[in-house]
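Take any residue in the sequence shown, count from 1 to its spot, add 5: that is its number in the numbering used here.
A virtual CB, placed ideally from N, CA and C, is assigned to each residue, including glycine.
Report on the following structure.
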Amino acid sequence: MGMSVTIAAATERDAEQIFRLQYLCFQSEAALYGNYRIDPLVQTLDSVREEVARDCVFVARLGEEVVGSVRGRITEDGAASIGKLCVHPRLQGHGIGARLLKAAECALAEDRGATRFRLHTGHRSEGNLRLYRRVGYERVGTLEGADGVPMIVLEKQAGAYVKTA
């Protein structure tokens, strides 16, 4: 009998697993852009710990193993900035990313008063863009990441979070 993946708020104990998972998962993004200095690959463990303590962070667990994570925080304009969504490569394509997004969206709207959700992804990241569009995000602009990667900015209204599944 197999185990099922559960979604829960991250705890301080999860920070190191999130850090390692993020490093593994974002290798493919770095390769896509030929840039191994993207933020998720250069972030420090201490910085991840700070985010887990301060922000809205969820993890997907398979038993005791963290196999996915996402972070969100409220920005000055009332939007929730969602980022660093990642799922272990061996479990991608099974809806875990969408479940993580839904958990973050619900918590950010219900507990922290988000009026809309905003995220960004690299312009070549077709898999990410497909997921975000499928769960209701729409392109609202572009920006250049601190690492020089062109990014697509997407948003959806907080009331639309129930569409994420």
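{"Asked": "Start and end residues, beta strand (DSSP E) containing Val53", "Found": "Here Val53 belongs to no beta strand (DSSP E); instead the alpha helix (DSSP H) covers Leu50 to Arg59."}
{"Asked": "Contact set for Met156: own chain, Cβ-Cβ below 8 Å, skip 5 residues either direction", "Found": "His125, Thr126, Gly127, His128, Thr147, Leu148, Glu149 and Gly150"}
{"Asked": "Three-state class that DSSP yields for Glu69 in the structure shown", "Found": "coil"}
{"Asked": "As assigned by DSSP and simplified to three states, the class of Val47", "Found": "helix"}
{"Asked": "Test item: CB-CB of Gly73 and Val53 under 9 Å", "Found": "no"}
{"Asked": "DSSP-derived helix/strand/coil call for Glu81", "Found": "coil"}
{"Asked": "Segment contact flag, the stretch 20-36 with the stretch 110-120, C-beta cutoff 8 Å, min 3 pairs", "Found": "no"}
{"Asked": "Three CB pairs or more closer than 8 Å across the stretch 129-147 and the stretch 46-61", "Found": "no"}
{"Asked": "Secondary structure of Ala151, DSSP reduced to three states", "Found": "coil"}
{"Asked": "Option nearest Ala13 by Cα separation, candidates Ser33, Gly118, Val75 and Glu34", "Found": "Val75"}
{"Asked": "Contact belief for Ser172 with Leu37 at Cβ below 8 Å, rounded distance in angstroms", "Found": "Only positions 6 to 170 of the chain appear in this structure, which leaves residue 172 out of reach."}
{"Asked": "Pairwise C-alpha distance: Ile101 and Leu90", "Found": "10 Å"}
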